[in-house]
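> I have a structure here, written as structure tokens, and I will follow up with some questions on it.
Below is the structure:
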């Protein structure tokens with residue numbers, strides 16, 4: 535017999551993601567999912583961001599890697615809760631792993647929860663974790679064609695961070711190409727040029743985080759939308 | 803790369819549907835996959851074979867149908883079909899797309915044998 539089903543195969547993940555979002559919403563925590571290739575500077579970004587947010591905006595971190603607890607150890611020394619999730623052979627974090635991570639975190643009083651996804655530019659984009667905002671990173675040494683090559687990562691991003699821009703002077707890098715490629719995918723997300731080495735771009739990044747926090751607590755959580763986007767040119 | 807995770811979830815859904823109808827064997831499975839999931843059908847078929855081994859769905863064939871992307875422009879509400887590398891709205895020129903379709907993975911049909919032995 536033929537059985538009509540019509541149900542989402544990702545429904546188990548999506549249901550858990552909704553439950554994760556309910557939990558963090560109830561605690562008033564703003565959750566950001568950081569996605570990029572390995573080595574683009576996600577952990578380094580957090581090493582500079584978390585102290586700058588300071589006691590006014592207490593942060594927590596869930597960090598996914600196939601192996602080792604190195605990233606959680608690097609972030610743990612900042613004095614914030616940092617939980618390592620080892621995915622073993624898994625190429626992405628899923629909502630169940632994040633749910634287990636949430637169980638280990640004291641959410642009360644936390645302002646920002648950063649989820650540092652497994653370094654991978656394809657698979658993480660397909661799995662909702664219950665985050666409010668998606669942060670896509672690409673670093674200068676990866677090359678200037680990353681946006682065009684991995685559109686599914688950059689199209690839904692709420693902000694795009696071009697990291698390691700202190701290397702622009704020593705590499706042949708066409709920043710215009712990145713901007714042109716992004717203009718075809720996503721004109722909503724601001725592109726920020728960052729260097730954890732020099733501190734470039736961190737004022738803009740922190741201002742963006744603070745604004746998203748204010749939006750969140752003004753009841754405008756979610757896709758980082760602003761009112762001026764209404765209307766068609 | 804994420805085909806194995808999808809296959810494991812798919813097998814759960816298929817077995818649940820088969821059990822609801824007291825099936826003794828699953829013959830075939832039909833799946834719709836959004837183009838933006840970047841699923842490689844051959845890789846998913848192999849992953850499905852592995853994930854279904856030893857279950858009611860062992861040996862079932864998997865048919866996948868690709869679903870095109872569909873977008874709504876957040877700026878002007880225009881509905882359009884974006885290309886995977888081009889989301890520029892044909893009406894207003896912004897690339898501020900809310901995806902309406904293209905990310906789904908939907909189990910559509912399960913063909914199974916029930917206890918009288920006949921696949922219908």
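Chains as they are written, first to last, in our numbering: chain E, 535 to 767; chain B, 803 to 922.
Ideal Cβ positions, reconstructed from N, Cα and C, are used throughout, including at glycine.
1. Could you say which of 862(B), 825(B) and 844(B) lies nearest to residue 806(B) if we only look at CA atoms?
2. Of the choices 885(B), 836(B) and 895(B), whose alpha-carbon is the least far from that of residue 875(B)?
3. Which first and last residues belong to the beta strand (DSSP E) in which residue 836(B) is found?
4. Just checking: is the beta-carbon of residue 811(B) within a distance shorter than 8 Å of some beta-carbon in chain E?
5. Does any residue of chain E bring its CB to less than 8 Å from the CB of residue 842(B)?
6. Any beta-carbon of chain B closer than 8 Å to the one on residue 542(E)?
7. For the stretch 680-730 of chain E, which segments carrying the beta strand (DSSP E) assignment without a break, of at least 3 residues, lie completely within its bounds, in sequence order?
8. So, is the C-beta of residue 882(B) closer than 8 Å to a C-beta in chain E?
9. Does the CB of residue 897(B) have a neighbour CB from chain E at under 8 Å?
10. Quick one: what's got a C-beta closer than 6 Å to residue 867(B)'s C-beta in the same chain, skipping five residues either side?
11. Take residue 747(E) as the anchor and find which of 666(E), 713(E) and 542(E) has the nearest alpha-carbon.
12. Looking at residue 657(E) and the ligand PLP, is the gap between the Cβ and the nearest heavy atom below 7 Å?
13. Mind checking if residue 680(E) is an interface residue toward chain B, Cβ cutoff 8 Å exclusive?
14. Looking at the structure shown, is residue 881(B) part of a helix, part of a strand, or coil, going by DSSP?
15. With DSSP run on the structure shown, which of helix, strand or coil describes residue 902(B)?
16. Please go through the same chain and pick out, in chain order, the residues whose beta-carbon is closer than 6 Å to the beta-carbon of residue 659(E), but skip the five residues on each side of it.
17. Identify the residues that DSSP records as bridge partners of residue 537(E): which are they?
18. Considering residue 762(B), what are the terminal residues of the alpha helix (DSSP H) in which it resides?
So, from the data block:
1. Against the second chain, residue 806(B) aligns to sequence position 4. Nearest neighbour of residue 806(B) by Cα position, chosen from 862(B), 825(B) and 844(B), turns out to be 844(B).
2. Stepping through the second chain from its first residue, residue 875(B) is reached at position 73. Looking at the Cα atoms, 895(B) is the closest of the given residues.
3. For this step, residue 836(B) is matched to residue 34 along the second chain. Per DSSP, residue 836(B) belongs to the beta strand (DSSP E) from 827-836.
4. Walking along the second chain from the start, residue 811(B) turns up at place 9. By this cut-off, residue 811(B) is an interface position.
5. As a working mapping, residue 842(B) is identified with position 40 in the second chain. So no, residue 842(B) is outside the interface.
6. Within the first chain, residue 542(E) is the residue found at index 8, counting from 1. Output row for residue 542(E): interface = yes.
7. 693-697 and 725-727
8. As a working mapping, residue 882(B) is identified with position 80 in the second chain. It does not: the Cβ of residue 882(B) has no partner Cβ on chain E nearer than 8 Å.
9. The sequence position of residue 897(B) within the second chain is 95, counting from 1. For residue 897(B), at least one C-beta of chain E is nearer than 8 Å to its own C-beta.
10. As a first step, residue 867(B) is located in the second chain; it is residue number 65 there, counting from the start. Around residue 867(B): 834.
11. Within the first chain, the letter at position 213 stands for residue 747(E). Closest option to residue 747(E), Cα to Cα, is 666(E).
12. With respect to the ligand PLP, the structure shown offers nothing to examine, as it has no ligands at all.
13. Translated into the one-based positions of the first chain, residue 680(E) becomes position 146. Residue 680(E) does not count as touching chain B.
14. Translated into positions along the second chain, residue 881(B) becomes position 79. Residue 881(B): strand per DSSP, three-state reduction.
15. Translated into positions along the second chain, residue 902(B) becomes position 100. Three-state result, residue 902(B): strand.
16. As a working mapping, residue 659(E) is identified with position 125 in the first chain. In chain order, 686 and 687 place their CB closer than 6 Å to the CB of residue 659(E), counting only its own chain and leaving out the 5 sequence neighbours on each side.
17. Along the first chain, read from residue 1 onward, the residue named residue 537(E) stands at position 3. Note: residue 537(E) sits in a beta bridge opposite 912(B).
18. The question about residue 762(B) has no answer, for chain B in this structure spans 803 to 922.
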